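For the sequence shown, the residue numbers in our numbering are 85 to 524.
The beta-carbon is built from N, C-alpha and C at its ideal position, and this holds for glycine as well.
Given the structure is predicted, the values throughout are model-derived calculations rather than measurements.
Take a look at the structure set out below.
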Amino acid sequence: MKTWNLALAAALGGTLALPALAAEPASAPAPSVTAAAHAAGADASWAAQAAPADLPPNAVARALLDGDPTVEQARHALEAARQRGRMLDAGPYEWTARAMAQRRSWRDGAPITSDWSAGVERTLRSAGKAALDRLSGEALLRQAQARLGEARHEAARSLLMLWLNWAAAERTRRLWDEQLALAEANLKVTATRHKAGDASMLEQNAARADQAEVQRQASLAANEEAKARARLRARFPSLALSAPELSEPQALVPDAALWRARILAESDELRIAEHALRRAELAADRARADLTPDPTLGVHGGLEGSRAERVIGLSLSIPFGGSYRDAQSSEALRQADAARSALQAHQRELEAEIAEALADAGGSLERWKFAEAATAASRENARLTQRAYALGEADLQALLLARRQSVEASLGAAQARADALRARYRLLVDAHLIWDLADD
85 MKTWNLALAA
95 ALGGTLALPA
105 LAAEPASAPA
115 PSVTAAAHAA
125 GADASWAAQA
135 APADLPPNAV
145 ARALLDGDPT
155 VEQARHALEA
165 ARQRGRMLDA
175 GPYEWTARAM
185 AQRRSWRDGA
195 PITSDWSAGV
205 ERTLRSAGKA
215 ALDRLSGEAL
225 LRQAQARLGE
235 ARHEAARSLL
245 MLWLNWAAAE
255 RTRRLWDEQL
265 ALAEANLKVT
275 ATRHKAGDAS
285 MLEQNAARAD
295 QAEVQRQASL
305 AANEEAKARA
315 RLRARFPSLA
325 LSAPELSEPQ
335 ALVPDAALWR
345 ARILAESDEL
355 RIAEHALRRA
365 ELAADRARAD
375 LTPDPTLGVH
385 GGLEGSRAER
395 VIGLSLSIPF
405 GGSYRDAQSS
415 EALRQADAAR
425 SALQAHQREL
435 EAEIAEALAD
445 AGGSLERWKF
455 AEAATAASRE
465 NARLTQRAYA
475 LGEADLQALL
485 LARRQSVEAS
495 LGAAQARADA
505 LRARYRLLVD
515 AHLIWDLADD
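Dropping the structure here:
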């Protein structure tokens with residue numbers, strides 16, 4: 085009996101040791117595109133900065149982004165990926181227990197005997213599959229972390245766009261309110277002049293029509309501002325709204341090449357594609373390793389002949405590989421090729437977006453300067469015409485034309501300012517320079 089127990093213990097020890105012996109190190113991943121971008125932009129000495137005064141502060145934005153449903157979804161997916169990595173590290177195989185009992189009878193009337201046997205068995209990952217599964221779990225976790233960073237990035241983009249859209253709409257509403265005050269003042273002046281005989285009923289009707297049109301535009305602007313506020317409030321309900329005064333756009337520093345390197349280095353979208361390629365390559369290695377079937381090793385013992393005989397033994401079973409495994413390996417290789425092409429496509433698309441954003445930042449800044457110059461000239465012209473009309477030196481049509489030109493120039497300048505700030509601030513978000521995005 086002692087010999088039987090020692091043999092069983094030795095067999096179990098050998099079974100438990102086989103998975104460790106079967107593990108083989110896998111090849112290290114190739115340097116990523118984002119790592120190369122980090123190296124290219126390392127001399128830029130980028131550092132996170134406080135958000136501009138016309139945007140929510142970093143602490144406020146951080147809380148908003150952390151509470152966004154899309155970010156919470158990505159955070160839950162990250163935890164699921166962490167558990168998936170634990171599964172891959174542990175492997176799909178479990179211990180299986182087997183037991184059997186039987187009664188044996190003989191034709192010649194010999195005594196009936198009772199037999200039983202019991203054992204355990206487990207399939208073992210061979211050909212370095214355990215190491216490949218562990219690396220695949222790590223790549224899955226990194227990809228989930230990148231997805232969380234991308235979710236925060238997209239939420240930050242939404243916050244930026246909704247905030248600036250509301251700020252621009254609020255500024256437009258104030259411009260129309262100012263024009264409405266002027267239109268009402270012109271109507272009063274025209275009515276006074278009409279009573280004095282210095283203005284015709286035609287001029288008074290024109291002033292009244294101008295006031296009604298400005299009222300319509302002011303109402304429309306107020307409605308657009310309310311809708312922009314509602315969209316911002318619906319997406320970020322905890323955000324305290326106070327109308328910001330949009331600052332003057334500034335030129336980008338340093339140069340475009342450093343901005344490109346920084347944004348590429350901080351791109352979570354590109355990291356997702358890189359980790360997807362890494363996972364596809366590991367899956368191809370795993371499928372290639374699966375061409376070697378996994379053996380199932382077991383140990384069993386029992387008693388036969390009413391405990392007159394003791395039995396102990398080992399079992400080994402190995403499935404035969406076939407065309408399914410070959411096709412699976414070929415399919416995994418093609419999936420790796422597809423992931424590699426997808427990474428290249430993502431990089432080219434991202435570089436095109438960066439180039440467009442940089443060009444837009446420079447062009448919108450120039451257009452804002454032109455719009456401001458036009459606004460200054462048209463406002464001065466409207467002021468002089470208003471004074472001349474009050475003194476009777478200009479007719480109402482000249483005043484209305486000057487005011488219309490001033491309104492159009494002011495609205496154009498406000499839109500150009502918002503566009504320039506939107507282009508510049510989006511680069512700040514994409515480069516992870518504000519709202520603590522670099523901490524992801």
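| query | result |
| --- | --- |
| Check whether the Cβ atoms of I347 and D479 lie closer than 8 angstroms to each other. | no |
| Along the chain, where does the alpha helix (DSSP H) containing G221 start, and where does it finish? | 213-279 |
| Count Cβ pairs between the stretch 237-248 and the stretch 286-295 that sit closer than 8 angstroms; are there 3 or more? | no |
| Can you tell me the Cα-Cα spacing of R209 and P176, whole angstroms? | 9 angstroms |
| How is the beta strand (DSSP E) around Q186 delimited, first residue to last? | 180-188 |
| Cβ of E262 within 8 angstroms of Cβ of E309? | no |
| Between which two residues does the beta strand (DSSP E) containing I396 stretch? | 393-401 |
| Please classify G151: does DSSP put it in a helix, a strand, or coil? | coil |
| Where does R495 fall in DSSP's three states? | For the record, residue 495 in the displayed sequence is Leu; it is not Arg. It is helical. |
| Pick out whichever of R206, A502, E234 has its Cα sitting closest to the Cα of S401. | R206 |
| Starting from the C-beta of A181, find all residues in its chain whose C-beta is less than 7 angstroms away, skip the five residues before and the five after it, and write them out in chain order. | V204 |
| Which of helix, strand or coil does DSSP assign to D199? | strand |
| Just the C-alpha distance for L219 and L366, rounded to the nearest angstrom, thanks. | 8 angstroms |
| So E388 is in the beta strand (DSSP E); what residue range does that whole segment cover? | 380-388 |
| Taking the DSSP output, what are the residues bridged to V204? | A181, V383 |
| Are three or more beta carbon pairs between the stretch 444-453 and the stretch 499-511 nearer than 8 angstroms? | yes |
| Look at D352 and G233 and say whether their C-beta atoms are less than 8 angstroms apart. | yes |
| According to the neighbour-count rule (16 or more other Cβ atoms, all chains shown, within 10 Å of its Cβ), is W179 buried or exposed? | exposed |
| Just how far apart, CA to CA, sit R471 and A290? | 18 angstroms |
| Taking the beta carbon of W190 as the centre, do at least 16 other beta carbons fall within 10 Å, making it buried, or is it exposed? | exposed |
| In angstroms, rounded to a whole number, what distance separates the CA positions of K213 and D378? | 9 angstroms |
| Roughly how many whole angstroms lie between the Cα atoms of Q481 and T459? | 20 angstroms |
| In angstroms, rounded to a whole number, what distance separates the CA positions of L512 and E332? | 16 angstroms |
| Indicate whether A228 and L172 have their beta-carbon atoms separated by less than 8 angstroms. | no |
| Three or more C-beta pairs under 8 angstroms: does that hold for the stretch 434-442 against the stretch 493-502? | no |
| State yes or no: is the C-beta of R319 within less than 8 angstroms of the C-beta of L246? | yes |
| With a CB to CB cut of under 6 angstroms and the five nearest residues on each side skipped, what residues in its chain are close to Q489? | S462 |
| Roughly how many angstroms lie between the CA atoms of A280 and L286, to the nearest whole one? | 15 angstroms |
| With a threshold of 16 other CB atoms inside 10 Å of the CB of L155, please say whether the residue is buried or exposed. | A small correction: the amino acid at residue 155 is Val; Leu does not occupy that position in the sequence shown. Buried is the call here. |
| Keeping to the same chain, check which residues put their C-beta closer than 7 angstroms to that of R424; ignore five residues upstream and five downstream. | L361 |
| Can you tell me whether H430 is helix, strand or coil according to DSSP? | helix |
| Does the Cβ-Cβ distance between E350 and H160 come in under 8 angstroms? | no |
| In whole angstroms, give me the CA-to-CA distance for Q301 and V491. | 11 angstroms |
| Using CA atoms only, rank isn't needed, just tell me which of H430, Q288, A158, W130 is closest to L483. | Q288 |
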